[in-house]
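> So for the sequence shown, our numbering puts the first residue at 9; every next one is plus one. For each residue, glycine too, the CB sits at the ideal point set by N, CA and C. No experiment lies behind these values; they were computed from the predicted model shown.
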Amino acid sequence: MRYGVNRRIGIENKYTYALFLYLWDNRYRGTWSVEVPRLKEIIGCQSEELYQEFDVFELRILKNPLREIEKVVGVKCDYKLIKRKRAIVGIQFCFDPLQPALSSVEYFEKAKLFCQTHFAGTRAMLNFSKPDSVKLIE
Numbered sequence: 009m010r011y012g013v014n015r016r017i018g019i020e021n022k023y024t025y026a027l028f029l030y031l032w033d034n035r036y037r038g039t040w041s042v043e044v045p046r047l048k049e050i051i052g053c054q055s056e057e058l059y060q061e062f063d064v065f066e067l068r069i070l071k072n073p074l075r076e077i078e079k080v081v082g083v084k085c086d087y088k089l090i091k092r093k094r095a096i097v098g099i100q101f102c103f104d105p106l107q108p109a110l111s112s113v114e115y116f117e118k119a120k121l122f123c124q125t126h127f128a129g130t131r132a133m134l135n136f137s138k139p140d141s142v143k144l145i146e
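#1: Return the chain-ordered list of same chain residues with a C-beta closer than 6 Å to the C-beta of Arg94, the five sequence neighbours on each side being excluded.
#2: What does the alpha-carbon distance come out to for the pair Leu47 and Glu66?
#3: Which partner residues of Asp104 appear in the DSSP bridge assignment?
#4: Thinking C-alpha only, which one of Ser41, Ser55 and Glu61 is nearest Phe103?
#5: Cα separation between Tyr59 and Val81?
#6: Extract the residue ranges of the alpha helix (DSSP H) inside the region 48 to 75, only unbroken runs of 4 or more that lie entirely within it.
#7: With distances taken from CA atoms, which of Gly38, Glu57, Tyr36 and Leu70 is nearest Asn6?
#8: When you compare each of Pro45, Phe62 and Gly98 to Gln54 by their alpha carbons, which one comes out closest?
#9: Under DSSP, the alpha helix (DSSP H) around Tyr36 begins and ends at which residues?
#10: Helix, strand or coil: how does DSSP classify Arg94 here?
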């Protein structure tokens, strides 16, 4: 990720941006679960030694990024840990459409600007025909 592009829209961290994309892609579900190894793979931190400890992963990949996403983009998403005995095996996300900090039009424009800037100079094209159907076409 190019950090200058992320700063332009306000997202500072590449993992925060990856989490944001994952949450936005699954927002239609409302509430859904994902296994921890799968989430690490989606976000791209599965090979990082630092994030093997769940406490560090939770703080740096879940808590802080979710606060930043809510503050910068205006999307509220909570999570609960799924435990099997004492081990944390998954995370349940709950996307809250009732408390947006930005209107959908403001959010759409902010996301559009970010994506156009982020993917500029690549072969990827973005389809922004409707706010609810932003798609990456490679």
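Let me spell this out:
#1: none
#2: 11 Å
#3: Lys84
#4: Ser41
#5: 25 Å
#6: 62 to 65
#7: For residue 6 there is no data in the structure shown, the boundaries of the chain being 9 and 146.
#8: Pro45
#9: Element bounds for Tyr36: n/a, residue is neither H nor E.
#10: coil
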